[in-house]
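For reference, the structure discussed in these notes is given below.
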Amino acid sequence: EPEVTQTPSHQVTQMGQEVILRCVPISNHLYFYWYRQILGQKVEFLVSFYNNEISEKSEIFDDQFSVERPDGSNFTLKIRSTKLEDSAMYFCASSPGQAEKLFFGSGTQLSVL
Amino acid sequence: GEDVEQSLFLSVREGDSSVINCTYTDSSSTYLYWYKQEPGAGLQLLTYIFSNMDMKQDQRLTVLLNKKDKHLSLRIADTQTGDSAIYFCASGGSSNTGKLIFGQGTTLQVKP
Numbered sequence: 001e002p003e004v005t006q007t008p009s010h011q012v013t014q015m016g017q018e019v020i021l022r023c024v025p026i027s028n029h030l031y032f033y034w035y036r037q038i039l040g041q042k043v044e045f046l047v048s049f050y051n052n053e054i055s056e057k058s059e060i061f062d063d064q065f066s067v068e069r070p071d072g073s074n075f076t077l078k079i080r081s082t083k084l085e086d087s088a089m090y091f092c093a094s095s096p097g098q099a100e101k102l103f104f105g106s107g108t109q110l111s112v113l
Numbered sequence: 114g115e116d117v118e119q120s121l122f123l124s125v126r127e128g129d130s131s132v133i134n135c136t137y138t139d140s141s142s143t144y145l146y147w148y149k150q151e152p153g154a155g156l157q158l159l160t161y162i163f164s165n166m167d168m169k170q171d172q173r174l175t176v177l178l179n180k181k182d183k184h185l186s187l188r189i190a191d192t193q194t195g196d197s198a199i200y201f202c203a204s205g206g207s208s209n210t211g212k213l214i215f216g217q218g219t220t221l222q223v224k225p
């Protein structure tokens, strides 16, 4: 069964460093998303992406965050200068159509020290 | 703002039925979802219901939607130890752009 793949599964970085989280969405899906879950808190929406542009973003998704689909298969989330409070599990998701069921990856656990 | 609430914990005996409840605030959601998260794993889509339906059954899973009360429930029949996990309710939100609003998750413990 097709699945969303995320790498790495764990990422440790120093505060102020840039990180790139990578995702390979399901191949025929058109909509892509990033969510995050801070330990003990709810899963939160960060951004949705369609047709090579952001379609919606949350207040969390400030200028430190960016997304890119550099080729036909990858979808990345970049955090330019990480803060301690960016430590969280980051989930990538994709869906075949707008507001259709989202399929999530296994997540990348980001730890900022 | 939009919100989804769930109880935090449910414990049942193997073979019993489990019912996990959820309330949401946004009545314009097109879909409502149930996701399952096992330890160390991602969010697995279990089932979903379209907002114009009252009920959906999928093998051991039954979803009930009460739009008037903005209440969603997931019933798992003949609960097994392998069903032990965190179950998240999520609403599609008013924008219907794939921005899901998640509850805090209900930890289901199944005792043998």
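Line by line, the protein sequences give chains L and F. Note that our numbering gives residue 80 to position 80 of the first sequence, counting from 1, and the numbers run on in steps of one. Note that our numbering gives residue 180 to position 67 of the second sequence, counting from 1, and the numbers run on in steps of one. Beta carbons: idealized from backbone N, C-alpha and C, even for Gly.
Straight-line CA distance for residue i to residue j?
i              : j              : result
Y144 (chain F) : L178 (chain F) : 11 angstroms
V47 (chain L)  : R188 (chain F) : 31 angstroms
G107 (chain L) : Q6 (chain L)   : 6 angstroms
S124 (chain F) : Y200 (chain F) : 13 angstroms
M168 (chain F) : L84 (chain L)  : 43 angstroms
K101 (chain L) : Q109 (chain L) : 23 angstroms
R36 (chain L)  : D86 (chain L)  : 9 angstroms
S94 (chain L)  : A203 (chain F) : 15 angstroms
I162 (chain F) : G205 (chain F) : 11 angstroms
I54 (chain L)  : E127 (chain F) : 45 angstroms
T192 (chain F) : D129 (chain F) : 6 angstroms
N165 (chain F) : S141 (chain F) : 11 angstroms
Distance cutoff 7 angstroms, beta carbons only. Does residue i sit that close to anything in chain L?
i              : result
A154 (chain F) : yes
K212 (chain F) : yes
Y137 (chain F) : no
L185 (chain F) : no
F215 (chain F) : yes
E158 (chain F) : According to the sequence displayed, residue 158 (chain F) carries Leu and not Glu. It does: the Cβ of L158 (chain F) has a partner Cβ on chain L nearer than 7 angstroms.
For residue i versus residue j, is the C-beta distance shorter than 7 angstroms?
i              : j              : result
C92 (chain L)  : G105 (chain L) : yes
V112 (chain L) : F215 (chain F) : no
W147 (chain F) : L156 (chain F) : no
S120 (chain F) : T219 (chain F) : yes
F61 (chain L)  : R69 (chain L)  : no
K212 (chain F) : E56 (chain L)  : yes
Helix, strand or coil for residue i per DSSP?
i              : result
T136 (chain F) : strand
S44 (chain L)  : The sequence shown places Glu at residue 44 (chain L), rather than the Ser named in the question. Strand at E44 (chain L).
E68 (chain L)  : strand
E85 (chain L)  : helix
T143 (chain F) : coil
D129 (chain F) : coil
D196 (chain F) : helix
L187 (chain F) : strand
K181 (chain F) : coil
F61 (chain L)  : coil
Which word fits residue i, buried or exposed, when buried means at least 16 other C-beta atoms lie within 10 angstroms of its C-beta?
i              : result
L77 (chain L)  : buried
V67 (chain L)  : buried
A190 (chain F) : exposed
P225 (chain F) : exposed
K149 (chain F) : buried
M89 (chain L)  : buried
D196 (chain F) : buried
T82 (chain L)  : buried
Spell out whether any CB of chain F is found under 7 angstroms from the CB atom of residue i.
i             : result
K78 (chain L) : no
S87 (chain L) : no
F75 (chain L) : no
F65 (chain L) : no
Name, please, each residue of chain A whose Cβ falls closer than 9 angstroms to the Cβ of residue i.
i              : result
Y200 (chain F) : Note that chain A does not occur in the displayed structure, where the protein chains are L and F.
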